[in-house]
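Student: Below is the structure I would like to discuss, written out as structure tokens.
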Amino acid sequence: MTNRIRQRSACTAFALAALGAGLISTAPAALAANSIEIKGADTTVVGVLYSCDAGAGVAGLKVLVGDPNADRPSAQGTLTAPTCDGSSQQATVTLTAAPGAVALASGQSVQVRAALVDKSDTVITGTAAVLPLD
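In our numbering, the protein residues as written are 260 to 393.
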């Protein structure tokens with residue numbers, strides 16, 4: 260009986276060690292993080308800093324802007340060909356007013372959402388900030 264317990268414990272320890280080694284060996288790919296940061300916005304554009312790796316599957320950068328309490332954005336914009344080479348990039352995304360939305364005004368406090376998305380518009384990484392429009 261004691262022999263079986265030792266064998267089971269040894270097998271469990273070996274399995275956990277193998278799992279840990281597998282996670283550590285894949286960690287560099289997971290640590291190469293995609294990132295996005297909103298730098299500022301006015302009534303027509305949003306400034307964004309971002310970085311992504313070539314293998315991240317990023318197909319676009321999307322931005323939504325609107326009243327923080329609204330249920331939909333007042334304006335949106337898309338950058339369709341972001342540069343994904345692992346280095347920090349700057350982008351200026353032009354906004355288009357949403358149909359029927361109240362126009363954005365300088366000085367207005369808005370929520371800005373920005374995201375790196377894949378081909379199916381699934382968010383890979385995103386961020387949001389409430390700030391006044393310049």
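Ideal placement from N, C-alpha and C gives every residue a C-beta, glycine not left out. Since the structure is predicted, the reported quantities are computational estimates derived from the model, not experimental observations.
Less than 8 Å between the C-beta atoms of leucine 354 and valine 304, yes or no?
Tutor: Within the sequence shown, numbered from 1, the residue matching residue 354 stands at position 95. Within the sequence shown, numbered from 1, the residue matching residue 304 stands at position 45. Going by C-beta atoms, leucine 354 is nearer than 8 Å to valine 304.
Student: If we ignore side chains and look at the alpha-carbon of each, how far apart do leucine 338 and valine 371 end up?
Tutor: In the sequence shown, the residue the question calls residue 338 occupies position 79. In the sequence shown, the residue the question calls residue 371 occupies position 112. Leucine 338 and valine 371: Cα-Cα distance of roughly 15 Å.
Student: Would you kindly report the start and end of the unbroken beta strand (DSSP E) that includes valine 369?
Tutor: By one-based count along the sequence shown, residue 369 stands at place 110. Taken as a continuous stretch (DSSP letters only), the beta strand (DSSP E) holding valine 369 covers 368-376.
Student: With DSSP as the reference, please indicate the residues paired to leucine 323 in a beta bridge.
Tutor: Residue mapping note: residue 323 aligns to position 64 of the sequence shown, counting from 1. Answer is Gln335, Arg372, bridged to leucine 323.
Student: Look at the Cβ atom of valine 322, then the Cβ atom of valine 352, and state whether they are nearer than 8 Å.
Tutor: Stepping through the sequence shown from its first residue, residue 322 is reached at position 63. Stepping through the sequence shown from its first residue, residue 352 is reached at position 93. Yes; because the gap between Cβ atoms is below 8 Å, this pair is in contact.
Student: Please classify glutamine 335 as buried or exposed, where buried requires at least 16 neighbouring CB atoms within 10 angstroms.
Tutor: For the purposes of this step, residue 335 is taken as residue 76 along the sequence shown, with counting starting at 1. Classification of glutamine 335: buried, given that the 10 Å Cβ count is 16 or more.
Student: How many angstroms separate the CA atom of leucine 363 from the CA atom of glycine 325?
Tutor: Against the sequence shown, residue 363 aligns to sequence position 104. Against the sequence shown, residue 325 aligns to sequence position 66. Whole-angstrom Cα-Cα distance: 8 Å.
Student: Here's a check: name, in chain order, each residue in its chain whose Cβ is nearer than 7 Å to the Cβ of glycine 319, leaving out the five neighbours to either side.
Tutor: Counting from 1 along the sequence shown, the entry for residue 319 is found at position 60. If we look at glycine 319 and ignore the five residues flanking it on each side, its Cβ neighbours are Thr337, Leu338, Thr339, Pro341, Val376.
Student: With a cut-off of 8 Å on the beta carbons, I'd call serine 333 and alanine 356 a contact; round off their distance for me.
Tutor: Residue 333 sits at position 74 when you count from the first residue of the sequence shown. Residue 356 sits at position 97 when you count from the first residue of the sequence shown. Yes, they are in contact, since the Cβ atoms of serine 333 and alanine 356 sit about 7 Å apart, within 8 Å.
Student: State the Cα-Cα distance for the pair glutamine 348 and valine 389, rounded to the nearest angstrom.
Tutor: Numbered from its first residue, the sequence shown carries residue 348 at position 89. Numbered from its first residue, the sequence shown carries residue 389 at position 130. Looking at the two C-alpha atoms, the distance is approximately 22 Å.
Student: If we ignore side chains and look at the alpha-carbon of each, how far apart do alanine 315 and alanine 300 end up?
Tutor: Here the question's residue 315 lines up with position 56 in the sequence shown. Here the question's residue 300 lines up with position 41 in the sequence shown. Between alanine 315 and alanine 300, the C-alpha separation is close to 26 Å.
Student: If you follow the beta strand (DSSP E) that threonine 303 is part of, which residue opens it and which one closes it?
Tutor: Taking the sequence shown and counting its residues from 1, the one referred to as residue 303 is at position 44. Note, threonine 303: premise wrong, no beta strand (DSSP E); not H, not E.
Student: Could you check what DSSP says for glycine 314 in three-state terms: helix, strand or coil?
Tutor: Locating residue 314 in the sequence shown gives position 55, where the first residue counts as 1. Helix at glycine 314.
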